[in-house]
Amino acid sequence: MVHSIELVFDDGTEAAIRRIWNDLAAAGIPSQAPASRPHATMAVAERIEPEVDALLAPVVHQLPRDCTIGAPVVFGRAKVVLARLVVPTTQLLSVHAEVHRLCLPHMAPSPMANSTPGNWTAHITMARRVGGAQLGRALRIVGRPSEIAGSITGLRRWDGNKKAEYLIG
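In the working numbering, the protein residues as written are 3 to 171.
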């Protein structure tokens, strides 16, 4: 399983995302609810050593930061991942680059390419394995409201092997 460093959000932003997840589930679309916590992944590798938590604490002290959850985005071709974009401000990209720099020596064997600076798409996953017949309806559900004004309030390290989160800072 993978390990990751993730952005987490204020209660209001989490509630707005969970409402969308619940609306998807009510429509019979495989959403992230209830197993996950709303987050945006910043760094991913097969293994991220726990020592990064102390290194990332100064980044957490720069939070909270306002954010905008924007348009739906689709990853894949047949059974797709449906997500909402976290609008990539200069500040957010700077935080991402700092997280990546601090984590890099502690990631094994190496970071996944789509999480590296210049290749990262900040997003919150809404649903996985959405098929063609469900895609239109899923996009309508995921796209409402068209924008969510929120706040990034922290970082967590996710250990996919243990299915455990560790709040940083």
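Yeah, the Cβ is synthetic: ideal placement off N, Cα and C, and Gly gets one too.
The straight-line gap separating the alpha-carbon atoms of V54 and G162 is approximately 16 Å. Per DSSP, reduced to three states, the secondary structure at V54 is helical.
If you draw a 10 Å sphere on the C-beta of R131, you find fewer than 16 other C-beta atoms in it, and that means exposed. By the neighbour-count definition (other C-beta atoms within 10 Å, threshold 16), F11 is a buried residue. Counting other Cβ atoms within 10 Å of its Cβ, T92 stays below 16 and is therefore classed as exposed.
At the C-beta level, L58 and I7 come within 9 Å of one another.
Along the length of the segment 6 to 48, whole beta strand (DSSP E) runs at least 3 residues long occupy 41 to 47, reported in chain order. G162 has no beta-bridge partner at all, per DSSP.
In the DSSP assignment, R103 falls within the alpha helix (DSSP H) that extends over 92 to 105. R142: member of the alpha helix (DSSP H) spanning 134 to 144, first to last residue.
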